[in-house]
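Residue numbers (my numbering), protein chains in the order written: chain A, 1 to 329; chain B, 330 to 569.
Glycine included, every Cβ here is placed at the ideal spot set by N, Cα and C.
Since the model is a prediction, treat every value here as computed from it, not as a measurement.
All remarks here apply to the structure that follows.
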């Protein structure tokens, strides 16, 4: 378990992290999301005992990082953004060094190396020098180092950069399975990654927590409106003014005839009843209203899609608002 | 202790996996050999005496040691492994001592490979083994102190080249400084202070075959001081 309490860190007068607090439970994958300079890497460096906080506390399984950095380092597996490797060594020699550093003794040691090598798909390059490896293999060697000692806490700074799509899927799968029994924190600027593997997200902006929750929750709280995209066929003449017959319609974002009586439109509707719609079946969902309207008008719906506000849009919204505030000061 | 050895082992593996270690050791043997046979005129001396050979050691170390220590921290910074080392469960002291021991081991290998020189010379005449032991002890002690200085400079330097040049400069100054002491009159306070600072001044008695506890104390205290400075510098990152 990881706990940050009002963590602050400044480098030579510049404050990089202004009072961040959060907890990450065992058995979860927490995603730190934010533009460059938001404080993601600084937080990770503090959690791994590389930097000490200027004020506030960082606790790993209840141990204060600043008070007992060695005990913390033993519990943490860390893959820094720069992927630190020794080019002169082979993959095997590198993992050997990591095992020495972790104090792994004879019987457990071979098994640990074997497990890390196979889960990161490194058996083919075990005897190769690291300088000869491709970017993807280098990244995976770094990851093997981080998971070698089966740490309860795993801190990964942009773990999938430089990997090809197949490798990304494999590594995400690995991280997700590690997240079942460990506390995993990863930073990324790839938003699908967060949606794919994180159970919780913290969006950082300018060294502050801009939003936190599950990816769906964050989407929910920020959703001010619902967008419905539809294509339909109308046998009679149709123009956009007829769309205003849809109950609760806020505005029409786009409307275009596609020919042969087919039209495409994007509608802006008020958000679906707050909370889960399943829980309150009486309330009419936006899609439902459109469907009823179409039936009444004798219009055939070809496509009806509810567009969810993606994390990407939320991210842009949050971080830009943050920086505008910052500019105003 | 296991941690110290883990660091040293990794350093030595990297050194022997790359040409660096071989080139440095070979260069050292070549230079000292050429000096002994061609420049010092060992054969024309008509004496089985290696004092001339050992008296140039302080100068040779001025170049050997920086070549060994320039990589130590500057290279870790470049590779980003600096961050790895400082987030593995090592203390700063263990890292500094591990790196120090690996450089010292390389220097010891280089120095040990010169043993055939006195062995061959001993066929020409009788040698005082005690003197030879003192001479080798002196070389290793001076190398150890110089390595501690080189490692510290490497921990401050931005890259290998500036680590090398900076260390050469500092060691050269420490080796040559006793030459200027005569300007301040011999036996004066300033002169003896300058002599006391000099790496080569303390080596003189070793090269004559004398092990003086004051010289021993000088090398050991220089070693401890600079190892401490390196580890203090590493610790400072946490609050910067």
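### Where the alpha helix (DSSP H) through residue 100 of chain A begins and ends
91-101
### Query
Just how far apart, CA to CA, sit residue 144 of chain A and residue 116 of chain A?
5 angstroms
### Task
List the residues of chain A whose Cβ lies closer than 8 angstroms to the Cβ of residue 418 of chain B, in chain order.
70, 73, 74, 101, 102 and 103
### Query
Are the CB atoms of residue 172 of chain A and residue 31 of chain A nearer to each other than 9 angstroms?
no
### Task
Under 7 angstroms between beta-carbons, which chain B residues line up against residue 93 of chain A? List them in chain order, please.
342
### Query
From what residue to what residue does the beta strand (DSSP E) around residue 157 of chain A run?
153-157
### Message
Between which two residues does the alpha helix (DSSP H) holding residue 165 of chain A run?
### Response
165-178
### Task
Kindly say whether residue 409 of chain B, judged by its beta-carbon, lies nearer than 9 angstroms to any beta-carbon of chain A.
yes
### Message
Alpha carbons only, please: which of B/535, B/508, B/491 and B/412 is nearest the one belonging to residue 459 of chain B?
### Response
B/535
### Task
Note down, in chain order, all residues in the region 47-61 of chain A with a beta-carbon under 7 angstroms from any beta-carbon belonging to chain B.
48, 49, 50, 51 and 52
### Message
Out of A/95, A/42, A/43 and A/269, which one is the CA nearest neighbour of residue 127 of chain A?
### Response
A/95
#### Entry: Identity of the residue in A/246, A/240 and A/295 nearest residue 263 of chain A by Cα
A/240
### Task
May I have the straight-line CA-CA distance separating residue 237 of chain A from residue 230 of chain A, to the nearest angstrom?
17 angstroms
#### Entry: Three-way DSSP call (helix, strand, coil) for residue 364 of chain B in this model
helix
### Message
Less than 9 angstroms between CB atoms is the rule here; does residue 137 of chain A satisfy it with respect to chain B?
### Response
no
### Inter-stretch contact (C-beta, 8 angstroms, three-pair minimum) for the region 490-498 of chain B and the region 405-425 of chain B
no
### Query
Taking C-beta to C-beta, are residue 480 of chain B and residue 425 of chain B nearer than 9 angstroms?
yes
### Query
If you draw a straight line from the C-alpha of residue 267 of chain A to the C-alpha of residue 287 of chain A, how long is it?
10 angstroms
### Message
Please report the straight-line C-alpha distance between residue 478 of chain B and residue 439 of chain B, rounded to a whole angstrom.
### Response
19 angstroms
### Message
So residue 84 of chain A contacts chain B; which residues on that side make the cut at Cβ distance below 7 angstroms?
### Response
408, 409, 410, 412 and 413
### Query
Is it true that the CB of residue 58 of chain A sits closer than 9 angstroms to the CB of residue 66 of chain A?
yes
### Query
Would a check of beta-carbon distances place residue 474 of chain B closer than 9 angstroms to chain A?
no
### Task
Sort out for me which residues DSSP pairs residue 269 of chain A with in a bridge.
A/226
#### Entry: Between the CA atoms of residue 307 of chain A and residue 244 of chain A - distance to the nearest angstrom
20 angstroms
### Task
Determine, using beta carbons only, whether residue 8 of chain A comes closer than 9 angstroms to chain B.
no
### Query
Run through DSSP, which three-state label would residue 319 of chain A get?
helix
### Reduced DSSP category for residue 544 of chain B - H, G, I as helix; E, B as strand; rest coil
helix
#### Entry: Assigned secondary structure, residue 336 of chain B (DSSP; H/G/I helix, E/B strand, else coil)
helix
### Query
How long is the line joining the alpha carbons of residue 318 of chain A and residue 210 of chain A, rounded to whole angstroms?
7 angstroms
### Query
With a CB to CB cut of under 6 angstroms and the five nearest residues on each side skipped, what residues in its chain are close to residue 149 of chain A?
102
### Query
Excluding five sequence neighbours on each side, which residues of the same chain lie with their C-beta closer than 6 angstroms to the C-beta of residue 247 of chain A?
289
#### Entry: Opposing strand residues paired with residue 496 of chain B [DSSP bridges]
Paired residue(s): none; residue 496 of chain B is not in a bridge.
### Task
Answer yes or no: do residue 422 of chain B and residue 484 of chain B have a C-beta to C-beta separation smaller than 9 angstroms?
no
#### Entry: Close-in-space but distant-in-sequence residues of the same chain around residue 434 of chain B (CB under 8 angstroms, 5 per side omitted)
337 and 341
### Query
Is it the case that the CB of residue 180 of chain A approaches a heavy atom of the ligand NAD more closely than 8 angstroms?
Ligands are entirely absent from the displayed structure, and the ligand NAD is therefore not among its contents.
### Message
Please return the same chain residues whose Cβ sits closer than 7 angstroms to the Cβ of residue 78 of chain A, not counting the five positions on each side in sequence.
### Response
48, 146 and 155
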